[in-house]
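Working notes, structure below.
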Amino acid sequence: MKKLLFLVLIGCSSFFILQAQPNIQLEEIASGFTKPIDIAHTSDDRLFIVEQRGMIKIINAEKNVLSEPFLDIRNIVSDNANEKGLLGLAFHPKYAENGFFFVNYTRGDNTIVARYSVSEDNPNLANASSEAILMVVQQPFNNHNGGCLKFGADGYLYIGMGDGGAGGDPRGFSQNGNSLLGKILRIDVDNGDPYTIPADNPYVNDPAVMDEIWATGLRNPWRFSFDRLTNDLWIGDVGQDNWEEVSFLAANHEGNANFGWRCREGFANFIPEDCDTNSELIPPVHVYETRGPDGASVTGGFVYRGNQQPSLKGHYIYGDFVSKKIFSITADEAENWINQELLVSDLNISSFGEDASGELYVAAHQGRIYQIMDDQTSPVREASFASQLTISPNPFQQFIQLDATTTLQNLQVQLLDVKGRQVYTKYFRQLHSETLALPSLADGIYILTISNGKENLVRKMVKTQ
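The number in this note's numbering is simply the position in the sequence shown, starting from 1, with 9 added.
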């Protein structure tokens, strides 16, 4: 029997797809895990669930948990503290060809980033003896180990590292270029032994900063993700005493990104002398008070880009481990970031994850995995009228042309930008051949949604000169 957790919804906004505000529920898909802490996929129908103790298990397409773990490295993983263990998993973009995947775990007082291979004769079983260690980073304390691994659209591996632990970054690692702690690292795992440095890493020509460093000024980035549509970066950074942070970095950002810790915590000064007065620090897009009503330990999530939950399109979905709440962030028409509380659950939210189609899932530290659903009771499939409708051109410049093989009735057409803002809407009682004139739109990526009230057709559209 599937279990549903229904939302307590507050807040209002006018630009969400198809309805004024999201209305979510969590549908349990699997249980019986021990401290699940990460969710990943290999571009097929499986979900891979990381257990903190050192195991990776598979949920198959039928939502059954396979009895044999994909990987069991409990014998080498140290999970003797709350923030230690097997902490992150990322599959190589060409996993179907090379069978490589990467893990981040603690062994003794070190963070280990290692590569493994799937077994040659069983796609549901890794070769536990195939470990190739890429990186060993000493950890001075038991907490703030980061652990998130993600491949970017550039094919490089990004690694989230906490500031080394204790409280207040006592050794100043996060702003120290000679330490990998308190950073996001970026490496090329397809070349070199065990890796090489991408030529456009921001510090490759700076002898005072380690070449692996891609971004600085983080306390404990507990889950970051790339928007699969725009490649923008989102980070949940766990706060010190006062502020939990959600940070954003546009895909076209050039040069080093410094997110400010420990010069600042949130928008407030912490130890400002840690940073040069001329340093450009990137402020968070949202903060909330640590130990306030919204929680005390942020868990970063994902921008929803799936097709089953239309009201969540373009929302960054994240949560808090302590308050057990789920939130969303979107931008309004004035470019202001809007935070909404979506759900008060009974789950210690340890991680979010995507499947191959962009649907979102939640890992509860209590041992259960849920799918995030909007107010629909069943998945949305491709609209039945999709085969009757031609949408062109794509990319487009001045217009989008809609041509139907037969007259379609009662269609609502909407175009939204990547932040979820409605830039065009029109209702067609009858649609056969229509031109959507869009000459004033800025170049970029947009989401076209066509709905008859029961079914939704969603397409990614690109505006160019």
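From the three backbone atoms N, C-alpha and C, an ideal C-beta is built for every residue, glycine too. Please read all numbers here as calculations on a predicted model, not as lab measurements.
Looking at the DSSP output, F110 shares a beta bridge with F100, Y125. In the DSSP annotation of this structure, Y313 is not part of any beta strand (DSSP E), being labelled neither H nor E. In the three-state reduction of the DSSP assignment, D452 falls in the coil class, being assigned neither a helical nor a strand state.
With respect to the C-alpha of D197, the residue from G176, A224, I168, G177 having the closest C-alpha is I168. Pairwise C-beta distances place the stretch 371-380 in contact with the stretch 34-51, as three or more of them are shorter than 8 Å.
For E350, DSSP records a beta bridge to F336. Per DSSP, the unbroken beta strand (DSSP E) holding L398 starts and ends at 398-401. DSSP, reduced to helix, strand and coil, places F182 within a helical segment of the structure shown.
Excluding its 5 nearest sequence neighbours in each direction, L445 has C-beta neighbours in its own chain below 8 Å: F408, I409, Q410, L411, V422, L424, Y433, K435, listed in chain order.
Judged by pairs of C-beta atoms under 8 Å, the stretch 344-360 touches the stretch 323-336, as three or more such pairs exist. Taking all protein chains shown into account, D285 has fewer than 16 neighbouring C-beta atoms within 10 Å of its C-beta and is therefore exposed. If you draw a straight line from the Cα of I358 to the Cα of G264, it comes to about 33 Å. When DSSP states are grouped into helix, strand and coil, L411 belongs to the strand group. Secondary structure at P230: strand, using DSSP grouped into helix, strand and coil.
Here E60 is buried. Its C-beta has 16 or more other C-beta atoms within 10 Å. In this chain, the beta strand (DSSP E) harbouring L258 covers 252-258.
Sorting S288, G275, R314, V312 by C-alpha distance to the C-alpha of T299 places G275 at the top. When P302, S138, S396, D241 are compared, the shortest CA-CA separation from Y325 is found for D241.
For V331, there is no enclosing beta strand (DSSP E), as DSSP gives it neither H nor E. Shortest Cα-Cα distance from R62 to any of R55, P179, S234, K93 involves K93. The shortest C-alpha to C-alpha distance from G248 to any of P281, E289, T308, F235 is the one to T308.
Taking each of F110, W243, G174 in turn and checking the Cα distance to N229, the smallest one comes out for G174. Residue environment: T225 is assigned as buried (16 or more neighbouring CB atoms within 10 Å of its CB, all protein chains considered). Beyond the five residues adjoining it in sequence on each side, D236 comes within less than 6 Å, by CB distance, of V312 in the same chain, given in chain order. I85 and I456 have their C-alpha atoms spaced approximately 46 Å apart.
If you draw a straight line from the Cα of G176 to the Cα of V296, it is about 19 Å long. The beta carbons of A105 and S52 sit closer together than 8 Å.
Boundaries of the beta strand (DSSP E) harbouring T225: 222-225, taken from the DSSP string.
For the pair C157 and H441, the Cα-to-Cα distance works out to about 48 Å. Short of 7 Å from the beta carbon of Q147, and not among the five residues preceding or following it, lie these beta carbons of its own chain, in chain order: D118, N119.
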